[in-house]
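In this note's numbering, the protein residues as written are 25 to 176. Every residue gets a Cβ at the ideal spot worked out from N, C-alpha and C, and that includes glycine. Scroll down for the structure; my scribbles are underneath it.
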């Protein structure tokens, strides 16, 4: 299992934030990735499964992916979608359900939704992002994933 963080450097995240993250998680590699033309790295990139990066098709997204590939010792698989914002998805590995992926709807991004539909080993759940996009929001903006122990 790969244990690393990629921190997007943009108008909203700086090098000092990456340093603080590295101090907090000393057992993990922390690499910075320049983000051009977007608010966040997750504006065009997120994890779509174990070792699987969903990535947009824009030049900025592809440059960021190349940077991440150069910095990492791990070889990630990639799922390239035509629409950058559609690469923002939420992956969960749920007991009894397996690989679950919340992703854009076919109504919002039809070509990107077709790419997600190729993930046959995932339970796919299309979720509308239309209202969140009005304020530069994305699916990951509305989620906090907590690893809950089996017995509490």
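Quick one: what's residue 69 bridged to in DSSP? 79
Starting from residue 44, trace the alpha helix (DSSP H) both ways and give me its first and last residue. Note, residue 44: alpha helix (DSSP H), 39-48.
Give me the residue from 78, 76, 82, 93 with the minimum Cα distance to residue 56. 93
Short Cβ contact (8 angstroms threshold) for residue 22 with residue 109: In the structure as shown, the chain starts at 25 and stops at 176, and residue 22 therefore has no counterpart that could be examined.
Looking at C-alpha atoms only, which residue of 112, 120, 40 is the closest neighbour of residue 151? 112
Kindly confirm or deny that the stretch 69-83 and the stretch 39-51 touch, where touching means at least three C-beta pairs closer than 8 angstroms. no
Can the beta-carbon of residue 163 be found closer than 8 angstroms to that of residue 148? no
Classify residue 167 as buried or exposed, calling it buried when 16 or more other Cβ atoms lie within 10 Å of its own Cβ. Around the C-beta of residue 167, fewer than 16 other C-beta atoms lie within 10 Å, and the residue is accordingly described as exposed.
Between 58, 52, 107, which has its C-alpha nearest residue 139's C-alpha? 107
Smallest Cα separation from residue 169: which of 64, 87, 114, 62? Closest option to residue 169, Cα to Cα, is 114.
Just to check my reading of the structure: residue 33 and residue 59 have Cβ atoms closer than 8 angstroms, yes? What is that Cβ distance to the nearest angstrom? 6 angstroms
When 145, 77, 132 are compared against residue 123, the one with the closest alpha-carbon: 145
Along the chain, where does the beta strand (DSSP E) that runs through residue 150 open and close? In the DSSP annotation of this structure, the continuous segment of the beta strand (DSSP E) that includes residue 150 starts and ends at 146-150.
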